[in-house]
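K.L.:
If you're matching positions, the sequence shown starts at 59 in my numbering and goes up one per residue. Here a beta-carbon is modelled for each residue, glycine too, at the ideal position from N, C-alpha and C. Structure below; questions to follow.
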Amino acid sequence: MKTYRIGQIVPSSNITMETEIPAMLRQREAIRPERFTFHSSRMRMKKVTPEELAAMDRDSLRCARELADADVDVMGYACLVAIMSQGLGYHRTARANLEGAVAEEGKSIPVISSAGALVEGLKELGIKRVSLLMPYMKPLAAKVTEYIESEGFEIQDSLALEIEDNLAVAARDPMALTEDVKRLNTKGVDAVVLSACVQMPSLAALAPVEARLGIPVTSAAACTVRSMLKAMRLEPVAPNAGAMLSGDLEPAH
59 MKTYRIGQIV PSSNITMETE IPAMLRQREA IRPERFTFHS SRMRMKKVTP EELAAMDRDS
119 LRCARELADA DVDVMGYACL VAIMSQGLGY HRTARANLEG AVAEEGKSIP VISSAGALVE
179 GLKELGIKRV SLLMPYMKPL AAKVTEYIES EGFEIQDSLA LEIEDNLAVA ARDPMALTED
239 VKRLNTKGVD AVVLSACVQM PSLAALAPVE ARLGIPVTSA AACTVRSMLK AMRLEPVAPN
299 AGAMLSGDLE PAH
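What follows is the structure in structure tokens.
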């Protein structure tokens, strides 16, 4: 039975990825033999503003080098909006930069980002039209929707909750999303992204909202777990974590 080391590059004020990612993988341990440990390096960010996001992103290379020292099996860049606010397609640039920093340390470790994981997971499962919820202020929310649209998706509706303080985002009750989603137009969509932000807790709400809507429901965090597992060549499944980790959806061909 192998134990895999999960590395996360985390905003200093993010407290959700170090709870939801382990929670999903602990749920997976109940149905599969692999085991996981969790290791983080932090980059400074208190408020979700363009200036702080850009400064934080520059600090991500230091974090990647630190995690390389721990010889982790995969690294996840745990901030979707930091990537999407830097320009269209930036998740590809960020991945190349981070894997380059790791290579300079003499290591070869796959690096994924929550932004890339969301885009790639939806593409892989053939999702075309989505509606999404996010906590961001409206200018940043517009960047997120533009970014996702630029990757070939149609956004039917989006709801920005306009919470600037990152700890206030993390303090939300995840089950509040079961009410928030009622304000979202989900008619005819292929999937709902219940939290397009890895700081806004959503794990507990994924399965109930999916059961109520009768369509695939996911989050940026669940997509991140899927991408991490695939990068480690493990089956991307975890119970009670929405469609992206159900094992029931067939990849698009």
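Would you mind sorting Ser208 into buried or exposed? The rule is 16 or more other CB atoms within 10 Å of its CB.
P.N.:
By 1-based counting over the sequence shown, the position of residue 208 is 150. With fewer than 16 Cβ atoms within 10 Å of its Cβ, Ser208 is classed as exposed.
K.L.:
Looking at the secondary structure, which residues open and close the alpha helix (DSSP H) in which Arg84 lies?
P.N.:
Within the sequence shown, the letter at position 26 stands for residue 84. Per DSSP, Arg84 belongs to the alpha helix (DSSP H) from 75-87.
K.L.:
When the Cα of Gly296 is compared with those of Met290, Glu222, Arg284, which residue comes out closest?
P.N.:
Indexing the sequence shown from 1 puts residue 296 at position 238. The question names Gly, but residue 296 is Ala in the sequence shown. Ranking the options by Cα distance to Ala296, first place goes to Arg284.
K.L.:
Looking at Ile141 and Ser99, is the spacing between their C-beta atoms short of 7 Å?
P.N.:
One-based indexing of the sequence shown puts residue 99 at position 41. One-based indexing of the sequence shown puts residue 141 at position 83. No, Cβ-Cβ distance for Ser99 and Ile141 is not below 7 Å.
K.L.:
Where in the stretch 193-227 do unbroken runs of the alpha helix (DSSP H), each at least 4 residues long, occur, reported from the N-terminal end onward?
P.N.:
Fully enclosed alpha helix (DSSP H) runs of 4 or longer: 196-208.
K.L.:
Could you please give me the residues that DSSP links to Gly134 through a beta bridge?
P.N.:
Locating residue 134 in the sequence shown gives position 76, counting from the first residue. Looking at the DSSP assignment, Gly134 forms a beta bridge with Gln66, Ile170.
K.L.:
Three Cβ pairs or more, each shorter than 8 Å: is that satisfied between the stretch 192-210 and the stretch 138-153?
P.N.:
At 8 Å Cβ cutoff, the stretches touch.
K.L.:
With Cys121 and Ile167 assumed to form a contact (beta carbons below 8 Å), what rounded beta-carbon distance in angstroms separates them?
P.N.:
As a working mapping, residue 121 is identified with position 63 in the sequence shown. As a working mapping, residue 167 is identified with position 109 in the sequence shown. With 8 Å as the limit, Cys121 and Ile167 do not qualify as a contact, their Cβ atoms being about 12 Å apart.
K.L.:
At what residue ranges does the stretch 278-303 contain a whole run of the beta strand (DSSP E), taking only runs of 3 or more?
P.N.:
With a minimum length of 3 residues, no continuous beta strand (DSSP E) run stays inside the stretch 278-303.
K.L.:
Let me make sure I understand the geometry here. Which of Val132, Asp215, Val239, Arg270 has the alpha-carbon closest to that of Lys288?
P.N.:
Residue mapping note: residue 288 aligns to position 230 of the sequence shown, counting from 1. That would be Val132, whose Cα lies nearest to the Cα of Lys288.
K.L.:
Just tell me which of Glu163, Glu162, Asn155 has its CA closest to the CA of Val169.
P.N.:
Stepping through the sequence shown from its first residue, residue 169 is reached at position 111. It is Asn155 whose Cα lies nearest to the Cα of Val169.
K.L.:
Tell me which residues share the same chain as Gly179 and place their Cβ nearer than 6 Å to its Cβ, disregarding the 5 neighbours each side in the sequence.
P.N.:
The residue labelled residue 179 in the question sits at position 121 within the sequence shown. Cβ neighbours of Gly179 beyond the five flanking positions: Cys281, Arg284, Met302.
K.L.:
Closest by CA to Gly300, which one among Leu292, Arg270, Asn224, Arg291?
P.N.:
On the sequence shown, position 242 is the one that residue 300 refers to. It is Arg270 whose Cα lies nearest to the Cα of Gly300.
K.L.:
Closest by CA to Met286, which one among Ile89, Glu268, Gly174, Leu111?
P.N.:
Indexing the sequence shown from 1 puts residue 286 at position 228. Checking every option, the nearest Cα to that of Met286 belongs to Gly174.
K.L.:
What does the Cβ neighbour count give for Asn224, buried or exposed, with the cut at 16 atoms within 10 Å?
P.N.:
Looking up residue 224 in the sequence shown gives position 166. It is buried - the Cβ of Asn224 has at least 16 other Cβ atoms within 10 Å.
K.L.:
Between Asp231 and Val239, what straight-line distance do the alpha-carbon atoms span, to the nearest angstrom?
P.N.:
Along the sequence shown, one-based indexing puts residue 231 at 173. Along the sequence shown, one-based indexing puts residue 239 at 181. Whole-angstrom Cα-Cα distance: 14 Å.
K.L.:
Got a sec? Which residues, its chain only, sit under 6 Å from Pro80 by beta carbon, not counting five neighbours each side?
P.N.:
Residue numbering aside, residue 80 sits at position 22 when the sequence shown is read from its first letter. Hits under 6 Å: Phe96.
K.L.:
Once DSSP output is grouped into helix, strand and coil, what is the label at Ala249?
P.N.:
Counting from one through the sequence shown, the residue named residue 249 turns up at place 191. Here Ala249 sits in strand by DSSP.
K.L.:
Does the stretch 77-94 come close enough to the stretch 110-120 that 3 or more CB-CB pairs lie under 8 Å?
P.N.:
Contact fails: fewer than three Cβ-Cβ distances are below 8 Å.
K.L.:
When you compare the CB of Asn155 with every CB in chain B, is at least one pair closer than 7 Å?
P.N.:
The displayed structure is made up of one protein chain only, and chain B is not part of it.
K.L.:
On the criterion of 16 or more Cβ atoms from any shown chain inside 10 Å, does Leu146 qualify as buried, or is it exposed?
P.N.:
Within the sequence shown, residue 146 is the residue found at index 88, counting from 1. Exposed, by the Cβ-count rule.
K.L.:
Please state whether DSSP places Thr95 in a helix, a strand or coil.
P.N.:
The residue given as residue 95 occupies position 37 in the sequence shown. Strand.
K.L.:
For a test of the three-state rule: what should DSSP assign to Val275, helix, strand or coil?
P.N.:
Your numbering for residue 275 matches position 217 in the sequence shown. It is a strand residue.
K.L.:
Taking the Cβ atom as the reference point for each residue, do Arg241 and Glu212 lie within a distance shorter than 7 Å?
P.N.:
On the sequence shown, position 183 is the one that residue 241 refers to. On the sequence shown, position 154 is the one that residue 212 refers to. No, the Cβ-Cβ distance between Arg241 and Glu212 is not below 7 Å.
K.L.:
Counting C-beta neighbours from all protein chains within 10 Å, is the total for Gly164 16 or more, i.e. buried, or is it exposed?
P.N.:
Taking the sequence shown and counting its residues from 1, one reaches residue 164 at position 106. That one is exposed.
K.L.:
Can you check whether the CB of Ser70 is closer than 7 Å to the CB of Arg102?
P.N.:
Here the question's residue 102 lines up with position 44 in the sequence shown. Here the question's residue 70 lines up with position 12 in the sequence shown. Result yes, Cβ atoms of Arg102 and Ser70 sit closer than 7 Å.
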